[in-house]
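From first to last, the protein sequence lines stand for chains X and D.
For our numbering, count along the first sequence from 1 and bump the result up by 1215.
For our numbering, count along the second sequence from 1 and bump the result up by 32.
Notes follow the structure.
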Amino acid sequence: MNSGVITPRPPELRPDRVSFARSLLAEWVKFRTVRGWVIAMIIAVLVTVFLGIFAAGNVNIGCQNGPNGPVLTGKACVPNYPIGPGGEAVTDSYYFVRQQLAGNGSITVRVTSLTGLHGAGNAQAARQGPLAGMTKGVVPWAKGGLILTSGTKPGSAYAALMVTGGHGVRMEYDYTHDTAGLPGSVTATSPRWLRLTRSGDTIAGYDSADGRHWSLVGTAQLSGLPATAQAGMFATSPIYTVTTPGGIGTTSIQSGPSQATAVFDDVSLRGSWPTKTWTGNNVGKGPAAPGTGFGYFRRSGSAFTVSGSGDIAPLVAGPGAASPTSTFEQPLAGLFAGLIAIVVVAVMFFTAEYRRGLIRTTLAADPRRGRVLAAKAVVAAAVAFAAGLVAAILAISIGLPRQRNQGSYVLPVSTLTEVRVIVGAAAMVALVAVLAVAIGAMLRRSAAAVTVAIVVIVLPFLLAVTVLPASAGAWLLRLTPAAGFAIEQSIPSYPQATTVFSPAQGNYPLPPWVGFAVLCAWVIVALAGAYALLRRRDA
Amino acid sequence: MEATIEVTGLRKRFGSALALDRMSFTVQPGQVTGFVGPNGAGKSTTMRVILGLDAPDEGHALVGGRPYTSLPHPMRYLGSLLDAGALQPSRPARGHLLWLAYSQGLTAQRVDEVLEQAGLTDVARRRAGGFSLGMRQRLGVAAAMLGDPLILMLDEPFNGLDPEGIVWMRGFLRSLARQGRAVLVSSHLMSELEDTADHLVVVGRGKVVADTGVAALLATAAGGRVTVRTTAVPAAVTALTRAGATITANGNGTLTISGLPAERVITMLSQARVPFSEVSAHRVTLEQAYLDLTRDAVEFRAQAAPGVAS
């Protein structure tokens, strides 16, 4: 080195306020000057987008409106699902025996029986009529009870109090709300008394096992309820599904229509019921609710027998829906694969320095070890967040229109939820990258750290969505860092909406932010461990 | 701030091995201090402790009176090269220097300057993994020089250099010392430091064996011995004994005299009119002096070649 005359000057010693910014800049330069890492992040984006869009495969959907109607395919087959008061897609079909209720008032009934029929979607039976070839049995979410609604148009605001096939008495309103009342099923020897009262916009539901002692099940505030509401008895029964575990990674789902019949008596009305007579009709029959429209009611003396088919519940993806539905986050299905590449890069971001002793140069340049760890974590998080965001936006903006064109109904969610899914997925990727950095810092060896990081982060997710039984998979998705995947779930897992709850269907055992918090907790613990070890160990 | 390194009473144990055993010395500005000792003597461990990378069990090391780890942008005070191979192989040379520069609040322009000084401009965008050991040493020296530091600390910088590189490195180190910087250079081969170091800290088994100027070390090692070849041995013995010298007769017409410098020997013999054909002061190489010093301190010594540390 042919240095000219360099006069050594004593540099001033004063605290350096921008030093963390310098550490960040240094770590960012470290990242971007290794071309392989940059390429790996691009690959992570491409893999996520490609898998998300194409791994679902091509769905060929055909349909026919009526026996002599034209055969339609793709987009034309998507039924117009009703939209509930909360903006969510709903199924709203049932048999309704009703009168008008003007102003405040109440209706009280005794339910003495809820029975049902169900089938398994046998094609031959279906040709003979929707209820042919069915077997006796009531499905768990078969419903019979009282309903007060703003109208008979599907998607109307309502509150209902009902007995169910397997979940006791429930108070439900506006599709997404569900509260439990008296447990147990209803029989002639153990009937249930139900009462629904309106006071302004407030609907209250009471149940009783003896007609004398009443308890409040719940109240509902229905905004915009007209002065004259429709109220009365209803019965409905959702699609019957049986899930049986198949071979590795498969479950066999059989489904078919079902019907519920409820018997009411001792109907007592309070308030102004101007129509005086009961009318019965099928609410919401049509392509959005196949197998419905065959309900009826019979009156003999003071007893009413009401029979209906369908459901009053939010629409969710899965076998319960009338036609293929998908969720907003479905195109993110490939994220786990991109995550593998990101985990490897984030681990190497630390372990590569240990491989050849570069960590000593790093710590000689910046002796504050916590700051080095923080700078690496922030850079890895920022890069991973950017990659996750680009991947999520691309996958969803390409994948969703493609699914719609193929005839899949994409369940609508609010813009806020869309932002949460996309930004949350990117944040989840960023947190995973930080976790991988911390694991790399603790284990120091690339192969070991990459293995551990994949095993604790990606593997639980893969096992849960493939080979593991649903309950075991659910525990993995509660306890491991893979719980963070829950942030992607756009449609809540409504217990009252009949479908198959499994991670493979996009249903996580924890609510989005709770799952995200579990991942955060892992990140904090791993960072603390990495910091303690970095401080304690000789470099 | 003073351009000094002060190492005081360092002790460090790795398992059952005592790596540092009360290591103490000071590195002064304006000279090249050679840090010499056989492999395993604790040189690299000491340097890691100075940089705050390893924590000593006892003692402390100060850079300009402060712990290295308390310096806000430490590479602007002390530039170091511990291991030329400590590089991310897939990162280009310039990238390596760039992140280091940014970490110290330095600019890309400074990176280009040190690349130029180290003669690496042409290969700046090549991956460091493809560099020869000599090029890596130059890159490491460029990194150490980034912050234009008052103090340089290089661990075995001559390793892997070709003869031309060794000459370059010597000149470079000397020029740094001439500029008033403190330079600490370790080596396990004393010969590498010949004509380079002004001061030596010789270590063995984790402690300082000798801390001395190079000239003084050579004089001590030679022991001030003078050889006289004469045909009048008894007269010479008489004359020199009277002057206070200790004399050993070698039996072949030569005498070995100690305790009297060569100039005095010549004066005394001339005054006593003793004929002599040769008076020569012993010359000892730095290597020989070092071997004498470390003979007891060498942990493992090859049987066939005593004194040569592996």
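Note that beta-carbon positions come from the ideal geometry of N, C-alpha and C, so glycine has one too.
Residue i burial status per 10 Å Cβ neighbour count (16 or more: buried)
i	result
Ser112 (chain D)	buried
Glu310 (chain D)	exposed
Thr78 (chain D)	buried
Asp187 (chain D)	buried
Ser1308 (chain X)	buried
Thr1288 (chain X)	exposed
His1428 (chain X)	exposed
Pro1472 (chain X)	buried
Gly1497 (chain X)	Strictly speaking, residue 1497 (chain X) in this sequence is Asn, with Gly absent from that position. Under this definition Asn1497 (chain X) is a buried residue.
Gly1178 (chain X)	For chain X, the structure presents residues 1216 to 1754; residue 1178 (chain X) sits outside this window and is missing.
Thr299 (chain D)	exposed
Pro1696 (chain X)	buried
Leu1631 (chain X)	exposed
Ser218 (chain D)	buried
From the options, residue whose alpha carbon lies closest to that of residue i
i	options	result
Glu226 (chain D)	D:Glu319, D:Leu152 and D:Leu216	D:Glu319
Met107 (chain D)	X:Thr1577, X:Ala1689, X:Thr1695 and X:Leu1742	X:Thr1577
Asp13 (chain D)	D:Glu224, D:Arg43, D:Gly245 and D:Leu221	Past the edges of chain D, shown from 33 to 342, lies residue 13 (chain D), and the structure says nothing about it.
Ala294 (chain D)	D:Arg315, D:Gln120, D:Val173 and D:Ala150	D:Arg315
Ala1642 (chain X)	X:Val1671, X:Lys1368, X:Ala1599 and X:Gly1614	X:Ala1599
Tyr1569 (chain X)	X:Ala1664, X:Val1636, X:Arg1514 and X:Ala1601	X:Ala1664
Leu138 (chain D)	X:Leu1332, X:Gly1331, X:Ser1234 and X:Ser1328	X:Ser1234
Ala242 (chain D)	D:Asp324, D:Met300, D:Arg261 and D:Leu208	D:Asp324
Thr1681 (chain X)	X:Val1249, X:Gly1655 and X:Ala1548	X:Ala1548
Asp115 (chain D)	D:Ala247, D:Val39, D:Arg170 and D:Pro70	D:Arg170
Leu1530 (chain X)	X:Thr1306, X:Ala1241 and X:Gly1284	X:Thr1306
Ser1623 (chain X)	X:Ala1255, X:Val1264 and X:Cys1292	X:Cys1292
Gly161 (chain D)	X:Ala1567, X:Ala1662, X:Val1587 and X:Thr1330	X:Ala1567
Leu1748 (chain X)	X:Ile1654, X:Ser1686, X:Pro1684 and X:Ala1712	X:Ile1654
Gly1508 (chain X)	X:Ser1515, X:Gly1525 and X:Ala1601	X:Gly1525
Arg158 (chain D)	X:Arg1617, X:Thr1248, X:Ala1610 and X:Ser1438	X:Thr1248
Val260 (chain D)	D:Ser218, D:Thr280, D:Arg202 and D:His220	D:Thr280
Asn71 (chain D)	D:Val233, D:Thr286 and D:His220	D:His220
Arg1660 (chain X)	X:Thr1402, X:Arg1571 and X:Ala1395	X:Arg1571
Spatial neighbours of residue i in its chain, beta-carbon cut-off 6 Å, leaving aside the 5 residues before and after
i	result
Thr278 (chain D)	Ser290 and Gly291
Leu103 (chain D)	Tyr109
Phe332 (chain D)	Legend: pLDDT at Phe332 (chain D) = 45, less than 50; position of this residue unreliable, value from coordinates given subsequently. Counting only Cβ-Cβ distances below 6 Å, and skipping sequence neighbours, we find nothing.
Trp1408 (chain X)	Arg1325, Ser1423 and Gly1426
Close Cβ partners of residue i (< 8 Å) along its chain, the five nearest in sequence each way excluded
i	result
Ala1532 (chain X)	Thr1540, Ser1541, Thr1542, Gln1545, Leu1626, Ile1706, Thr1714, Gln1720 and Gly1721
Ala214 (chain D)	Ala35, Thr36, Ile37, Val59, Gln60, Pro61, Gly62, Gln63, Thr65, Leu182, Ile183 and Leu184
Gly1495 (chain X)	Tyr1310, Phe1311, Val1312, Arg1313, Gly1510, Tyr1511, Phe1512 and Val1521
Pro99 (chain D)	Gly84, His92 and Ala93
Thr252 (chain D)	Thr244 and Ala321
Leu1692 (chain X)	Pro1675, Phe1676, Ala1679, Ala1698, Phe1700, Ala1701, Pro1718, Tyr1723, Pro1724, Leu1725 and Gly1730
Val1262 (chain X)	Gly1549, Ala1552, Gly1553 and Ala1556
Sequence-distant residues of its chain with Cβ nearer than 7 Å to residue i (five each side left out)
i	result
Ala117 (chain D)	For the record, residue 117 (chain D) in the displayed sequence is Gly; it is not Ala. Correct list, in chain order: Arg168.
Leu52 (chain D)	Leu42, Arg43, Lys44, Gly74, Thr77, Thr78, Pro88 and Gly238
Phe1246 (chain X)	Trp1252, Phe1564, Val1594 and Val1598
Ala1341 (chain X)	In this prediction, Ala1341 (chain X) scores a pLDDT of 47, lower than 50, which makes its location untrustworthy; the coordinate-derived value is nonetheless stated afterwards. Once the five neighbours on either side are set aside, Ala1341 (chain X) has no close Cβ partner at all.
Arg1485 (chain X)	Gly1320 and Ser1321
Arg1586 (chain X)	Phe1235 and Ser1238
Supposed close pair residue i, residue j - CB separation, criterion 8 Å
i	j	result
Val1581 (chain X)	Ser1238 (chain X)	Note that residue 1581 (chain X) is Asp in the sequence shown here, rather than Val. Indeed they touch by this definition, with Cβ atoms about 5 Å apart.
Asn1603 (chain X)	Phe1731 (chain X)	The residue asked about is misnamed: residue 1603 (chain X) is Gly in this sequence, not Asn. Not a contact, Cβ separation roughly 13 Å.
Thr1323 (chain X)	Ser1483 (chain X)	5 Å
Thr270 (chain D)	Pro307 (chain D)	The Cβ separation is near 14 Å, so there is no contact.
Ile1418 (chain X)	Ala1477 (chain X)	Not quite, the Cβ-Cβ distance comes to about 20 Å (not below 8 Å), so this is no contact.
Leu178 (chain D)	Leu129 (chain D)	6 Å
Gln1445 (chain X)	Thr1364 (chain X)	5 Å
Gln120 (chain D)	Leu1573 (chain X)	6 Å
Ala1255 (chain X)	Val1560 (chain X)	5 Å
Val173 (chain D)	Pro195 (chain D)	That pair is no contact at about 17 Å.
Gly1383 (chain X)	Leu1397 (chain X)	6 Å
Contact test: residue i Cβ vs the ligand GDP heavy atom, cutoff 7 Å
i	result
Leu193 (chain D)	This structure lacks the ligand GDP, and indeed carries no ligand of any kind.
Exercise. Counting Cβ pairs, one atom from each stretch, are 3 or more of them under 8 Å apart for the stretch 1447-1459 of chain X and the stretch 1426-1439 of chain X?
Worked result: Too few Cβ pairs lie closer than 8 Å, so no.
Exercise. Is it a yes or a no for the stretch 1667-1687 of chain X touching the stretch 1627-1637 of chain X, going by three-plus beta-carbon pairs under 8 Å?
Worked result: Not touching, per the Cβ criterion.
Problem set entry | Three CB pairs or more closer than 8 Å across the stretch 1735-1744 of chain X and the stretch 1644-1652 of chain X | These segments touch.
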